[in-house]
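Enquirer:
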Amino acid sequence: MSKHTCMGSTLALSIGLLWQSSCLAEDVNFADLFASGGLGNDVVVQVGTDQTLLLTEGSYKVNEKNLFVTASHARVSGHVVIQSFAESDAAPLKGGIPAGEPGYGPDKKGYPGKVGETGNSGAPAGSWVVDIGTLEFDPGSSLELVARGQKGGTGQKGGIGGTGCGGDSGGNASDDVLCSKPCPEQGKQGHQGGQRGAGGVGGLGGVGATVYLSKGLFDLKEGAGSGFKVDVTGGVGGDPGLPGERGEGGQGGPRGSGSKGCSCSDPPGPGPQGPPGPDLADPTPPAEPGASGTVQKM
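Residue numbers for the sequence shown, in this note's numbering: 94 to 391.
(1) Compute the minimum distance between the beta carbon of E229 and the heavy atoms of the ligand MN, and state whether it is under 7 Å.
(2) Can we say the region 305-324 touches the region 340-358, given the rule of at least three CB pairs closer than 8 Å?
(3) Does the separation of the CB atoms of E210 and G298 fall below 8 Å?
(4) From this set, H284, R339 and N159, which residue's C-alpha is nearest G364's C-alpha?
(5) Can you round the beta-carbon distance between P205 and Q282 to whole angstroms, since I take them to be within the 8 Å contact cut?
(6) Do you know how far the Cα of T247 is from the Cα of L186?
(7) Using 8 Å as the cut-off, can you tell me whether the region 173-189 makes contact with the region 151-159, which would need three or more C-beta pairs spanning the two stretches below that distance?
(8) May I ask you to list the residues that DSSP assigns as paired with N159?
(9) With DSSP collapsed to three states, give me the class of F178.
(10) Figure out for me which residue from G141, A240 and G203 has the closest Cα to the Cα of N367.
(11) Between which two residues does the alpha helix (DSSP H) harbouring D224 extend?
(12) At a cut of 8 Å, does the region 266-275 reach the region 208-227 through at least three beta carbon pairs?
(13) Using the rule of at least 16 other Cβ atoms within 10 Å of the residue's Cβ for burial, across every protein chain shown, is L132 buried or exposed?
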């Protein structure tokens, strides 16, 4: 805690009227109270009526907890951001891949890989109550309440395509006395592997917070150039999952059997392996963002 001395050069933006902070009013650091204010699923920051809540430069993360700030007087020094989730914070990744059919279907092509599951939904931001009577800003200072929902989680990776059926055997050599067909035929090519599974759709973004503001703060939010902003946007949808692996083509078929009485100078080998499964025809559709929260006057 410190004593705040009034300076004539201090820019004071007040709620409803210009507030001159009382000389030698006791400053209480917001950062200290915020760090120690956790009570279960709540973060509580409160100072007495004869104290000034001092918000200094920095970013303070609430995550999905509820936030309660109560102060008769507050002062902002520097760029201050109180936020639920950072833009890079996302719901946990849905791991693994979906189990699919490992083999091939009636057409002898590998079964297509299964589509990955939808990602985990982002967590909603909690409820915020910011009850500040009068607020002043040092020159160039600002306060942002960023109460967005959490970004949705990445979709699950797509499944692996099934392996295609092996190729048929090649034709046999002739056993006739003239040896008209001394060599057997090469084996037939294996059948195509299964299409790779599409990645799962990203998770739904979390819902933005419900923020309750004191009347003065609510009016200040509406004013242009006030240095006070509130953002209750829903979280963005999660990223799509990666596509699965293409199924392997079936092994080439064996060559046909040789003749018993004829000599083959250049016997063929087995057939070539089948091609891998095809790529996806359509990309995974984008995920849905979360619903925006609301800002209400107390």
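Ideal Cβ placement from N, Cα and C applies to all residues, glycine included.
Expert: Walking through what the data contain:
(1) Of the ligands one can find in the structure shown there are none, so the ligand MN has no counterpart to examine.
(2) Using a Cβ-Cβ distance cut-off of 8 Å, the region 305-324 and the region 340-358 are not in contact, since fewer than three pairs of beta carbons, one from each stretch, lie closer than that value.
(3) The residue you call residue 210 lines up with position 117 of the sequence shown. The residue you call residue 298 lines up with position 205 of the sequence shown. The answer is no: Cβ separation not under 8 Å.
(4) One-based indexing of the sequence shown puts residue 364 at position 271. It is H284 whose Cα lies nearest to the Cα of G364.
(5) Taking the first residue of the sequence shown as 1, we reach residue 205 at position 112. Taking the first residue of the sequence shown as 1, we reach residue 282 at position 189. Not really, about 20 Å apart at Cβ, beyond 8 Å.
(6) As a first step, residue 186 must be located in the sequence shown, where it is residue number 93. As a first step, residue 247 must be located in the sequence shown, where it is residue number 154. If I take the Cα positions, the gap works out to 5 Å.
(7) With a cut-off of 8 Å, the region 151-159 and the region 173-189 count as touching, because enough Cβ pairs lie within range.
(8) Mapped onto the sequence shown, residue 159 falls at position 66. Listed as beta-bridge partners of N159 by DSSP are D135.
(9) The residue labelled residue 178 in the question sits at position 85 within the sequence shown. DSSP, reduced to helix, strand and coil, places F178 outside both helices and strands of the structure shown, so it counts as coil.
(10) Position 274 of the sequence shown, counting from 1, holds the residue named residue 367. The sequence shown places Gly at residue 367, not Asn. Closest option to G367, Cα to Cα, is G203.
(11) Looking up residue 224 in the sequence shown gives position 131. Per DSSP, D224 lies in no alpha helix (DSSP H) segment; the continuous beta strand (DSSP E) that holds it begins and ends at S220 to F230.
(12) With the rule of 3 Cβ pairs closer than 8 Å, the region 266-275 does not count as touching the region 208-227.
(13) What you label residue 132 is simply residue 39 of the sequence shown in a count that begins at 1. With a threshold of 16 other beta carbon atoms within 10 Å, L132 falls short and is exposed.
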